[in-house]
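Remember, my numbering sits 1323 above the position in the sequence shown when you count from 1.
For each residue, glycine too, the CB sits at the ideal point set by N, CA and C.
For clarity, every value in this text was computed on a predicted model and none was experimentally measured.
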Amino acid sequence: RKQKDLLHVIDTFNSYVTQQGAEFRSFNSSKLSHYFLRNAQYTWQEYYNNLRTHQSYIQKLIRENQKYQNSFIFNKNKWQNSLPKLRRDLSGHMLNHINTNISKINSIIKKYDIELKKLLTTENNIVEDIIFVDNIIIDINYNIDLRRSQLFLKNENNIFKTEYVGSYIGSFSERITLAYYENTKTIGYFIVYAKRNLLNYIIVLLLSLFFIFFIRRKYIELNLDENVSGYRKVKRILINKPIFLSISVALVLWLLLIPYSPLFIGRIIYLALLISLLVVLSELFDYYTRKIIITIIILLSVNNMELFAWYFGGYSRVFLFSEALLGAILTVGFILPKFRKESLRKKGIKLIYYTRVLSPLVFVLFFIAFVANLFGFVNLTVYSIKIAVHLGTVTIIVFGFFRISESVLQASVNVLDIYYPNIVEQYGSSIIKTIEKYLWILLIIVWTILVLNISEVLGYFNVETINILTYSIAIGSLSFSFGNLLLFLLVLYVTYAIAKFTKVILEREILSRYKLKRGVAASISLTIRIFVFTFGTLIALSSTGMDLSKIGIIMGALSVGIGFGLQNVVNNFISGFILVYEKPIQEGDTVEVGNLLGRVSNIGIRASNVITYDGAEVVVPNSNLTSNQLINWTLSDNKKRIEVKVGAAYGSDPNEILKLLVKVVLEHPKVLPNPKPLSLFVGFGDSSLDFKVLFWVHFQDGFETHSDVAIAIYDTFKENNIQIPFPQMDLYVKETPKSDVNTEKSE
């Protein structure tokens, strides 16, 4: 039943295509308008795609029917070959039953023959229709190319010699009806056959709207104020205009996910999209910016009326004349000194800058269209007006969605702060800047593609781009193309970005929330990153067209290189694994290697980074950390013992001093109570009684606490009249008797 209904639908569609083809052939191709040809190009391309889909499905049914038929033929042959041997052993009743089954199988095989004939007939009809549609597409493309080649040729009389009366057949209402029919006749068909993409469209739309409204609700719950960065932008777009924002998203997704929409529908969608963006972004724009968008909306609305103007013969020239004149009048204000000076003041509104750059080009295009129409260059007129109108349209749409994306991105980062505060605090601004940079690049690419499509050179550009990307370069037995090389670099870049993102999210946010043993999070993170790097590298190599079986040869050559000069590299690489899995140090530990003392900021595959207390970041090869003596001050805990030495003048009471030292230490808030502080009398010095006090603190508090305790001891000694002596030496001069002095002189 289902197959029968499908064949009926396909036959109906084939008849419809034949009817539309006969209708298209009845037109005079030299009199077809540019918009009619463009609309026909979209329509017939969709016919062609649907016929190809039908052909694929019919071929699938043919293969399935042949498969089932062959299974019955196999069983029939099996029974027939076995029947002579069974006649001696089976009764007549069983033999009759077997013969009956063979007859039923023959009947089923004949039914499959009938179905296969129907399917083959349908496939032949589809093939004929494909050839028929392909010929029409060739004719349409020929006429479009012909008009493009005659762009600068005069193809009509000048506007003053054009015949208006009698230039079209029928009344005004009849021409409007015909224009409406020609532009909307495929809408019903399009809606029916758009259903196969409709489910994907609905799913993507619902997911997009769910994400937007989820971010909006969470952002509102944050109760932020205007002091927060980006709050005004988020409020004016995401918070205040959710309905029109949803409409804008729905319209854009329709253009992206529903291909080959009739030109009439596409024009309405573009116009509705401009209006919705004007509403969504209105609070961000000043008077001049709103004027820009309203001007484009007016010009696009008038341009859409061309779909009907071409059905009125010579009067279409008057419409083109009025359209070009209106465009020149509306855009001349954007190239006047007053507007350009105002655009320099509006530093926060980039759309004015774009208008300042593009408005002279748009005005020139309208002026060219106006003059060209006067002298009969109609193809140039239509082409110039089309570029002028749609250049502004796509620029506003791309710019508008960039501002919307900025708003959603800012709100997403603020909401992300709820779940991953550490990441947002450290990387929030860089995340926004990085995503905005790539988003801007993407939108520039989209804008360029749209402009090339408007200019009708996208096909040529695609062909040339494909030729460049597929151009092969051979080096010995190895050959690669620019496209493969570009893909190789792109895959490596994405792999590096994913690995870096994995380290930040997995190790520092997700795994840090679980009570794992020390170093386990780093081990898991490194293992996953190694897997990502390995998998990404293999994909990158395969994208170049390189035979992965040759990697063994490369690894053999690499092993020879290791034997000659890469021992240190491999040593550092293996040492990196030892550091991660044995865990003698971890990120954040304070280590001392030789004369180097600092905090470990990163443990890499080849080297680790240590930030000294002077602010220098030292790159230490991993082999130095595993081969040399390493002091890790925070391996098992972060406690550090501090020793403060002090001297007291002779005559002081040592017992009292020992008590005072312990008291001073215990009063400091950063001194740990366990282990208990210990004061000791060291011995008798040359100038003082020597003491020292020992106490424990957290490592990061060591220097500050040492200073505080020393000052507190000084103050306590001063309060208790205990002197801290300075080194002193008594010098005794021995007197010599005078007789001895005289004797020495006489001698």
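Let me check understanding here. Comparing Cα to Cα, which of Asn1520, Ala1363 and Glu1486 lies closest to Ile1463?
Distance check between Ile1463 and each of Asn1520, Ala1363 and Glu1486 places Ala1363 closest, using alpha-carbon atoms only.
Less than 8 angstroms between C-beta atoms, sequence neighbours within five positions excluded: which residues of the same chain meet that for Phe1455?
Excluding positions up to five away in sequence, the list reads Val1340, Thr1341 and Gly1344.
Kindly indicate which residue of Tyr1743, Ile1851, Glu1779 and Leu1766 has the alpha-carbon position closest to the one of Leu1474.
Glu1779
Quick check on Asn1546: does DSSP put it in helix, strand or coil?
coil
Can you tell me whether Phe1858 is helix, strand or coil according to DSSP?
helix
Please work out which residues of its chain come closer than 8 angstroms, Cβ to Cβ, to Leu1902, disregarding the five sequence neighbours upstream and downstream, and give them in chain order.
Ile1908, Ile1926, Ser1931, Asn1945, Leu1948 and Thr1949
So, at 6 angstroms on beta carbons, what are the nonlocal neighbours of Ser1338 in its own chain, with the 5 sequence-adjacent residues on each side left out?
none
Can you give me the start and stop residues for the alpha helix (DSSP H) that Ala1734 sits inside?
Val1701 to Tyr1742
Per DSSP, what kind of secondary structure is Asp1960 in: helix, strand or coil?
coil
Can you tell which of Gln1392, Lys1993, Ser1472 and Thr1935 has the C-alpha that lies nearest to the C-alpha of Val1701?
For the residues Gln1392, Lys1993, Ser1472 and Thr1935, the minimum Cα distance to Val1701 belongs to Ser1472.
Compare the beta carbon distance of Ile1437 and Val1575 with 9 angstroms and say whether it is the shorter of the two.
The Cβ-Cβ distance between Ile1437 and Val1575 does not fall below 9 angstroms.
Out of Asp2013, Ser1639, Arg1590 and Leu1861, which has the shortest C-alpha to C-alpha gap to Pro2050?
Asp2013
The beta strand (DSSP E) spanning Gly1921 covers which residue range?
Start and end: Leu1919 to Ile1926.
Where Thr1335 and Lys1433 are concerned, what is the direct C-alpha to C-alpha distance, given to the nearest angstrom?
When rounded, the separation of the alpha-carbon atoms in Thr1335 and Lys1433 is 27 angstroms.
What residue range does the beta strand (DSSP E) around His2021 cover?
Leu2012 to His2021
Starting from Asn1955, follow its DSSP beta bridges and name the residues at the other end.
Note: Asn1955 sits in a beta bridge opposite Val1914.
Whole angstroms is fine: what's the gap from Thr1612's alpha carbon to Phe1690's?
23 angstroms
Is Ile1463 near the ligand ZN, judged by its Cβ being under 8 angstroms from some heavy atom?
This structure simply doesn't include the ligand ZN, nor any ligand for that matter.
Quick test of the definition: if touching needs 3 or more C-beta pairs under 8 angstroms, does the segment 1480-1499 touch the segment 1629-1647?
yes
Leaving aside the five residues before and after Leu1732 along the sequence, list all residues of the same chain whose C-beta is less than 8 angstroms from its C-beta, in chain order.
Ile1755, Ile1758, Glu1759 and Leu1762
Indicate the three-state DSSP secondary structure (helix, strand or coil) for Gly1671 in the structure shown.
With a pLDDT of 49 at Gly1671, under the threshold of 50, the modelled position of this residue cannot be trusted, and the question is left open.
Within 10 angstroms of its Cβ, does Ile1333 collect 16 or more other Cβ (buried), or is it exposed?
buried
Which one of Thr1818, Ile1467 and Ile1598 has the shortest CA to CA distance from Tyr1706?
Ile1467
Considering only their Cβ atoms, is the gap separating Asn1696 from Thr1482 smaller than 9 angstroms?
Rather than Thr, the amino acid found at residue 1482 in this sequence is Ile. Closer than 9 angstroms, so yes.
Going by DSSP, name the residue or residues bridged to Gly2006.
Asp2013
Rounding to the nearest angstrom, what Cα-Cα distance links Val1923 and Asp1740 in this structure?
So the alpha carbons of these two residues sit roughly 26 angstroms apart.
For Ala1844, count neighbouring C-beta atoms within 10 Å of its own C-beta (all shown protein chains included) and say buried if the count is 16 or more, exposed if not.
buried
For Thr1507, which residues in the same chain have their Cβ closer than 8 angstroms to its Cβ, ignoring the five residues on either side in sequence?
Pro1585 and Phe1587
Quick check on Ser1795: does DSSP put it in helix, strand or coil?
When secondary structure is reduced to three states using DSSP, Ser1795 falls in the strand class.
Using CA atoms only, rank isn't needed, just tell me which of Val1942, Ser1645, Phe1642 and Gly1650 is closest to Ile1615.
Gly1650
If you scan the segment 1562-1598 from start to end, which runs of the alpha helix (DSSP H) of 4 or more residues do you find wholly inside it?
Here the runs fully enclosed are 1565-1580.
Going by DSSP, what residue range makes up the beta strand (DSSP E) through Ile1492?
Unbroken run through Ile1492: none, as it is neither H nor E.
Go ahead and label Lys1440 buried or exposed: buried means 16 or more other beta carbons lie within 10 angstroms of its beta carbon, across all protein chains shown.
exposed
Report yes if the CB atom of Gln1378 is closer than 9 angstroms to the CB atom of Val1488, and no otherwise.
no
Go ahead and pull the three-state DSSP assignment for Ile1459.
helix
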